[in-house]
Amino acid sequence: MGDTPHNPADTLQRRGLMFILSSPSGAGKTTLSRMLLAQESEIKLSVSATTRPPRPGEIDGVHYHFVTPERFQQMVDEDDFYEWAEVFGHRYGTPKGIIRAALKEGQDFLFDIDWQGTQQLYQKDQQDVVRVFILPPSLKELHRRLKARATDSPEVIAARMERARAEISHWDGYDYVIINDDVDVCFAKVRAILAAERMKRARQTGLIPFVRGLMA
Ligand code: 5GP
Numbered sequence: 031m032g033d034t035p036h037n038p039a040d041t042l043q044r045r046g047l048m049f050i051l052s053s054p055s056g057a058g059k060t061t062l063s064r065m066l067l068a069q070e071s072e073i074k075l076s077v078s079a080t081t082r083p084p085r086p087g088e089i090d091g092v093h094y095h096f097v098t099p100e101r102f103q104q105m106v107d108e109d110d111f112y113e114w115a116e117v118f119g120h121r122y123g124t125p126k127g128i129i130r131a132a133l134k135e136g137q138d139f140l141f142d143i144d145w146q147g148t149q150q151l152y153q154k155d156q157q158d159v160v161r162v163f164i165l166p167p168s169l170k171e172l173h174r175r176l177k178a179r180a181t182d183s184p185e186v187i188a189a190r191m192e193r194a195r196a197e198i199s200h201w202d203g204y205d206y207v208i209i210n211d212d213v214d215v216c217f218a219k220v221r222a223i224l225a226a227e228r229m230k231r232a233r234q235t236g237l238i239p240f241v242r243g244l245m246a
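If you count by the working numbering, then the sequence shown holds residues 31 to 246, one letter each, in order.
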């Protein structure tokens, strides 16, 4: 094999994007997120800020940005969250400042969040957000997958099925919808969306100088 020819498109400056994957539990979102993070070097999981103390093994800046309640409140006051919530007595939020600075440098972020979080993010930053919804091939198959986990009681599975129906009803709040019949086929579709979205003209901030050079 000879040298790979230099492709200017690979080095062009571009703005990062916020890639949202949502689905009812059991439709494959977690598997797809893991595959994406493992195979796409330019995307990373968004790191939330929290007031919860770190658990053993958790690293500041990797699992969470661990902050004091005072600092969290200050960030709320300064409107530095895309969204935030209180869960079991601790506060969690997606910090705007950190993400915006990284987007400018071309860093992509993956968000594994539900339809409500998606709506909040979209309201605050429409130009950077790409919303992808994963559907199960059928409710019967979803039920089978939830049962196959074998960790939950029938009552818990029934509650998850109910929640799944509610989540599915928000499918029309997304830019792309994929039916996850086969996880490898579904993953190829997710990557195709990511590749195409990266090429959007508005995101390719390096195009103006590139074209200027081309025409000179
Ligand atoms: P844990 O303390 O177990 O890491 O997380 C507790 C809960 O907080 C989980 O349900 C998780 O989804 C939620 N959570 C983590 N980060 C955020 C965030 O940035 N925003 C919101 N709304 N919830 C979060």
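Built from N, CA and C at the ideal position, the CB exists for glycine as well.
Since the structure is predicted, the reported quantities are computational estimates derived from the model, not experimental observations.
Practice prompt. Could you work out which residue in Thr148, Asp212, Arg233 and Gly136 is closest to Glu171 when comparing CA atoms only?
Written response: To locate residue 171, count along the sequence shown from 1; it is residue 141. Looking at the Cα atoms, Asp212 is the closest of the given residues.
Worksheet item: What number of angstroms, rounded off, separates the C-alpha of Phe111 from the C-alpha of Arg195?
Response: Numbered from its first residue, the sequence shown carries residue 111 at position 81. Numbered from its first residue, the sequence shown carries residue 195 at position 165. Distance between the alpha carbons of Phe111 and Arg195: 29 Å.
Practice prompt. Would you please state the rounded distance, in angstroms, between the beta carbons of Arg44 and Arg221? I believe it to be under 8 Å.
Written response: Your numbering for residue 44 matches position 14 in the sequence shown. Your numbering for residue 221 matches position 191 in the sequence shown. Rounded, the Cβ-Cβ distance is 17 Å, inconsistent with contact.
Worksheet item: Per DSSP, which one or two residues make a beta bridge with Ile73?
Response: For the purposes of this step, residue 73 is taken as residue 43 along the sequence shown, with counting starting at 1. Ile73 pairs with Asp138.
Fill in: beta strand (DSSP E) segment containing Gly236, residue limits
Walking along the sequence shown from the start, residue 236 turns up at place 206. Neither: Gly236 is in no beta strand (DSSP E) and is coded neither H nor E.
Worksheet item: Would DSSP call Leu51 helix, strand or coil?
Response: In the sequence shown, counting from the first residue as 1, residue 51 sits at position 21. Leu51 falls in the strand class under three-state DSSP.
Fill in: C-beta atoms of Ser63 and Leu47 nearer than 8 Å
Position 33 of the sequence shown holds residue 63. Position 17 of the sequence shown holds residue 47. Cβ distance not < 8 Å, so Ser63 and Leu47 don't count as in contact.
Discussion item. Measuring straight from C-alpha to C-alpha, what distance separates Gly32 and Gly127?
Written reply: Locating residue 32 in the sequence shown gives position 2, where the first residue counts as 1. Locating residue 127 in the sequence shown gives position 97, where the first residue counts as 1. Summary for Gly32: the model assigns pLDDT 45, below 50, so the residue's position carries little reliability; its value from the coordinates is reported in the next sentence. So the alpha carbons of these two residues sit roughly 44 Å apart.
Worksheet item: Quick one: what's got a C-beta closer than 7 Å to Trp114's C-beta in the same chain, skipping five residues either side?
Response: Locating residue 114 in the sequence shown gives position 84, counting from the first residue. So the qualifying residues of the chain are Val106, Arg121, Tyr122 and Gly123.
Worksheet item: Whose C-beta lies closer than 8 Å to the C-beta of Leu67 among residues of the same chain, with five residues either side of it excluded?
Response: Position 37 of the sequence shown holds residue 67. Contacts found: Ile73, Lys74, Leu75 and Leu140.
Fill in: Within 8 Å, strictly: CB atoms of Thr98 and Thr80
The sequence position of residue 98 within the sequence shown is 68, counting from 1. The sequence position of residue 80 within the sequence shown is 50, counting from 1. Not closer than 8 Å, so no.
Discussion item. With the cut-off set at 8 Å, would you say Val162 and Ile198 are in Cβ contact?
Written reply: On the sequence shown, residue 162 is found 132 positions in, with the first residue counted as 1. On the sequence shown, residue 198 is found 168 positions in, with the first residue counted as 1. With respect to Ile198, Val162 sits apart: the two C-beta atoms are not nearer than 8 Å.
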